[in-house]
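In terms of the UniProt record's numbering, the sequence shown has 187 at position 187, counting the first letter as 1, and numbering is strictly consecutive.
Beta carbons are placed, not taken as given, at the ideal position from N, Cα and C, and that holds for glycine.
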Amino acid sequence: MGLTQRVPVLRWARLALGMPSFVRTGQIGDGREAACAAFVESTAPRGDIDAALSAIDTFARREAMLVNIGDEKGPLLDAAVRRAAPALVLELGTYCGYSALRIARAAPTARVVSVEFSAANADVARRIWTHAGVADRVTCVVGTIGDGGRTLETLTSDHGVGAGSVDVLFIDHDKNAYLSDLRTILDRGWLHPGSVVVADNVRVPGAPGYRAYMRRHEGTRWRTVEHKTHVEYQSVLPDLVLESEYLGPATAPGDGRPPTPRAAR
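Structure below.
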């Protein structure tokens, strides 16, 4: 396979040109997100999660690059969710709804609550979830964890997110907010020992502070596996997905609570 096949240069260039718009609005600025929803609606049978996911992957590879977790890293998320067997999953960063759809497929009895700062992205995701038949258990809240408490209150009052309720947390939004938002969630007490936190794009674009935090607390508050993989929809640029099990706030050496054993992978 040649380099141009492994790295779709033209589509990546267009994505790069749209990054200023993406940072401001959550969308690339050329209508690709709405076009993706239309592609799913026109090509995937209604109510078929597998077909909807496949359609999004096809669109991202053939039409316009998307910043989903993608079809290489996605199975890592699937496996983490299945191991956790969650009742409630909280996602930070909805984009077009792809990862929430993967979570809904991996945990068919779970509720998935996704937080997204772009109302336009929320609309796209809801279209896709409705078409795939999961809108009854996948919800999008427009806002951010750091918006002064408004979204935190909405999650608590309207969606039942509370003490020890979050079994899986998936982080794939503003890379600069990974650690601060995780700390806010910890301060709220929403995680419990055994909760799993999965973070995408820890190498590219990168969340070095988050990675350093997990390394610093390895074996005390967290047990983390770093999955070496590639940036979505190409096979050259390396990336990291971090999967971290929360051990609880009182697991420092000498406190009498040994970390929960974890199967090797």
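For histidine 230 against leucine 237, the beta-carbon gap comes to about 6 angstroms, under 8 angstroms, which counts as contact. At a Cβ-Cβ threshold of 8 angstroms, valine 115 and leucine 92 count as neighbours.
For the pair glycine 143 and serine 118, the Cα-to-Cα distance works out to about 8 angstroms. The DSSP-derived three-state label of isoleucine 171 is strand. The three-state reading of DSSP puts serine 54 in helix, counting H, G and I together.
Distances from the alpha-carbon of glutamate 243 to those of Arg61, Lys73, Ala38, Asp187 put Lys73 closest.
Short of 8 angstroms from the beta carbon of valine 161, and not among the five residues preceding or following it, lie these beta carbons of its own chain, in chain order: Leu88, Leu90, Val113, Leu155, Trp190. Our two residues, valine 138 and proline 208, have alpha carbons roughly 30 angstroms apart in a direct line. Sorting Val134, Leu53, Ser54, Tyr95 by C-alpha distance to the C-alpha of histidine 173 places Tyr95 at the top.
The beta carbon of serine 99 lies closer than 7 angstroms to those of Asn68, Ile69, Leu77, Glu91, Phe170, Asp172 in the same chain, with the five residues before and after it left out.
Nearest to arginine 105 by alpha-carbon distance, out of Ala132, Ile56, Ala120, Arg32, is Ala132. Under the 8 angstroms Cβ criterion, the stretch 210-218 counts as touching the stretch 176-185, having at least three qualifying pairs. Closest in C-alpha terms to arginine 203, from the list Gly219, Lys228, Thr224, Arg188, comes Lys228.
For serine 195, the enclosing beta strand (DSSP E) begins and ends at 191-199. Distance check between glutamate 41 and each of Pro20, Leu17, Val124 places Val124 closest, using alpha-carbon atoms only.
Between the beta-carbon of asparagine 121 and that of glutamine 27 there is about 6 angstroms, and that keeps the pair under the 8 angstroms contact cut. The Cβ atoms of arginine 102 and leucine 53 sit closer than 8 angstroms to each other. Excluding sequence positions up to five before and after alanine 51, its CB lies within less than 6 angstroms of the CB of Ala44, Pro45, all in the same chain and listed in chain order. Inside the stretch 72-152, DSSP marks whole alpha helix (DSSP H) runs of 4 or more residues at positions 98-106, 119-132, from first to last along the chain. For valine 23, the uninterrupted alpha helix (DSSP H) segment begins and ends at 19-25.
Using a Cβ distance threshold of 8 angstroms, valine 198 and alanine 80 count as a contacting pair. The continuous stretches of alpha helix (DSSP H) do not include leucine 66, and DSSP gives it neither H nor E.
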